[in-house]
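*Asks:* No gaps in the numbering here: position 133 of the sequence shown is 134 in the numbering used here, and each next residue is one more.
Glycine included, C-beta positions come from ideal geometry on N, C-alpha and C.
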Amino acid sequence: MPAVTKPQNQTGDVLVDYEEKVFEDVKAEPGEKALVTFHTVAFEGSIGLVNLLQATRLLRKGFETSVLLYGPGVTLGVQRGFPTLGDEAFPGHQAMNKQIVKFMEEGGKVYACRFALQALYGHGEGALIPGVRPINPLDVLDIVLFHRKANAFILNTWTL
2 MPAVTKPQNQ TGDVLVDYEE KVFEDVKAEP GEKALVTFHT VAFEGSIGLV
52 NLLQATRLLR KGFETSVLLY GPGVTLGVQR GFPTLGDEAF PGHQAMNKQI
102 VKFMEEGGKV YACRFALQAL YGHGEGALIP GVRPINPLDV LDIVLFHRKA
152 NAFILNTWTL
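1. With burial defined as no fewer than 16 other Cβ atoms inside 10 Å of the residue's Cβ, what is the status of E126: buried or exposed?
2. Contact between the stretch 144-153 and the stretch 25-42: three or more CB pairs below 8 Å?
3. Unbroken beta strand (DSSP E) runs of length 3 or more, entirely within the stretch 9-86: which are they?
4. Only counting runs of 4 or more residues, tell me where the alpha helix (DSSP H) segments fall wholly within the stretch 88-158, in order along the chain.
5. Assign T41 to buried or exposed, taking buried as 16 or more other Cβ atoms, counted over all protein chains shown, within 10 Å of its Cβ.
6. Less than 9 Å between the beta carbons of L118 and P135, yes or no?
7. Measuring CB to CB, does F116 end up less than 9 Å from L70?
8. Where does S67 land, buried or exposed, given buried means 16+ other C-beta within 10 angstroms?
9. Cβ atoms of G49 and G1: under 9 Å apart, would you say?
10. Do L114 and P138 have their C-beta atoms closer together than 9 Å?
11. For Q100, count the other beta carbons within 10 Å of its own beta carbon; 16 or more makes it buried, fewer makes it exposed. Which is it?
12. To the nearest angstrom, how far is the alpha carbon of V15 from that of L146?
13. Mind checking F104: buried by the 16 CB within 10 Å criterion, or exposed?
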């Protein structure tokens, strides 16, 4: 049996070169847009939170950034909490809600499909995080086409 001779990792150890950046730090040109779409269920994997962080990063790089919540993605935009709305039932429980709020506070726009909200998940518009704009289901395609016509960067997020 091989012997392990390397000492155990310690808090504060550095295991990778986190300072090296390979690519230039790309910033948006004036008027450039970005759209991040979400067709994913909140808490089923990390993609919802990770790409909300990406949307915030795009915003901070100067892109006029919008988030589209449709299908199961609307579950990212509803108020949650336990035992009451806003309460964090466990550490990280409000991470996505807090990130959406931060994104909007920094100037990002968030849209949620009314069809998915009501027909799929049984929520009304009052269930949305304040500031999330409900939209007609026909707007789901049009917001993507609008951004395509504007030569926007579009990041599509899907989980199955």
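*Replies:* Taking the coordinates as given:
1. As a working mapping, residue 126 is identified with position 125 in the sequence shown. That one is exposed.
2. The stretch 144-153 makes contact with the stretch 25-42, as at least three CB pairs between them are under 8 Å.
3. Whole beta strand (DSSP E) segments, 3+ residues: 34-40, 65-70.
4. Runs of the alpha helix (DSSP H) inside the stretch 88-158: 96-106, 139-150.
5. Locating residue 41 in the sequence shown gives position 40, where the first residue counts as 1. Buried.
6. Within the sequence shown, the letter at position 117 stands for residue 118. Within the sequence shown, the letter at position 134 stands for residue 135. For L118 and P135, yes; Cβs fall inside 9 Å.
7. The residue you call residue 116 lines up with position 115 of the sequence shown. The residue you call residue 70 lines up with position 69 of the sequence shown. Going by C-beta atoms, F116 is not nearer than 9 Å to L70.
8. Sequence index remark: in the sequence shown, residue 67 carries index 66 (1-based). S67 counts as buried, since at least 16 other C-beta atoms from the protein chains shown sit within 10 angstroms of its C-beta.
9. Only positions 2 to 161 of the chain appear in this structure, which leaves residue 1 out of reach.
10. Reading the sequence shown from its first residue, position 113 is the one you call residue 114. Reading the sequence shown from its first residue, position 137 is the one you call residue 138. The question names Leu, but residue 114 in the sequence shown is Cys. A contact, by the Cβ cut-off of 9 Å.
11. Against the sequence shown, residue 100 aligns to sequence position 99. Flag for Q100 reads buried.
12. The residue labelled residue 15 in the question sits at position 14 within the sequence shown. The residue labelled residue 146 in the question sits at position 145 within the sequence shown. Between the alpha carbons of V15 and L146 lies a distance of about 44 Å.
13. Counted from its first residue, the sequence shown places residue 104 at position 103. So F104 ends up on the buried side.
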